[in-house]
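For the sequence shown, this note's numbering assigns the number 250 to the initial residue and increments by one for each residue that follows. Even for Gly, the Cβ is constructed at its ideal location relative to N, Cα and C. Here the structure is a predicted model, which means the values were calculated and not measured.
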Amino acid sequence: MCGCSKLSLNESHQPNECPVDASFYCSICQENGHPTMKCPDRASWHYRKPEFIEQLIPVSVLNHYNIKSLTPIGIPRSGDTHEHIPYIHGDPVIEIPYDEDGKNVRATLAAFNLPSSSVKENKRVMNEFGNLIGKKVSIVNDDVKKTPKLKKSKTNA
């Protein structure tokens with residue numbers, strides 16, 4: 250399915266030329282069109298996702314201490330649909346520096362191979378794209394306030 254329908258872009262293109270799908274890259278099957286966490290090749294998850302705590306410990310340490318046990322990593326709770334481990338430092342964020350012209354948002358869209366148009370439309374597309382890939386989009390205002398110059402007073406001597 251073309252991801253542009255979720256972003257409601259007005260650009261027409263063939264399904265195999267979708268800019269949204271082209272921006273996704275899967276490191277499991279080395280194909281564009283879906284992110285790694287949503288790879289349909291579930292057979293490879295058995296090798297990529299650790300099932301036991303001992304798989305996280307180097308083999309040399311396991312051999313040195315003669316560890317042979319297999320301790321399962323937490324059982325998913327019922328109704329929990331998240332497959333990935335929660336992020337330690339909060340949710341992932343795409344931070345875009347603020348500028349009045351909207352050039353930074355346009356550059357970020359270009360980095361993800363997404364089309365750009367007006368400033369307001371670019372922000373909307375970027376926010377919807379962030380929701381689509383599971384990241385929050387934040388436009389950061391790094392205004393450093395300049396200290397006001399003080400007038401030198403004339404002293405009468």
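Contact belief for residue i with residue j at Cβ below 8 Å, rounded distance in angstroms
i    : j    : result
N281 : F273 : 6 Å
E300 : P321 : 7 Å
Endpoints, the beta strand (DSSP E) within which residue i is located
i    : result
E377 : E377 -> not in any beta strand (DSSP E); alpha helix (DSSP H) instead, spanning V368 to I382.
K385 : K385 to V389
Residues that DSSP places opposite residue i in a beta bridge
i    : result
C275 : E280
V342 : K385
P321 : F301
Boundaries of the alpha helix (DSSP H) in which residue i is found, first to last residue
i    : result
S309 : V308 to H313
Collapsed DSSP secondary structure at residue i in the structure displayed
i    : result
P364 : coil
P289 : coil
E266 : helix
Same chain, Cβ closer than 7 Å to residue i, five either side skipped, listed in chain order
i    : result
F361 : S272 and F378
M375 : V354, T357, L358 and V386
S318 : E303
C275 : H283, P284, T285 and C288
L311 : E303
Cut-off 8 Å between Cβ atoms - residues of its own chain near residue i, not counting five sequence neighbours on either side
i    : result
I306 : I316
Close-in-space but distant-in-sequence residues of the same chain around residue i (CB under 6 Å, 5 per side omitted)
i    : result
S365 : R355, L358 and N371
K384 : P341 and I343
I345 : N353, V354, T357 and I388
Proximity test, residue i beta-carbon vs the ligand FAD heavy atom, cut-off 7 Å
i    : result
Q279 : Summarising the ligand content, the structure contains no ligands, and the ligand FAD is consequently not present.
Residue i at chain D interface by Cβ criterion, 8 Å
i    : result
S272 : In the structure shown, chain D cannot be found, because there is only a single protein chain.
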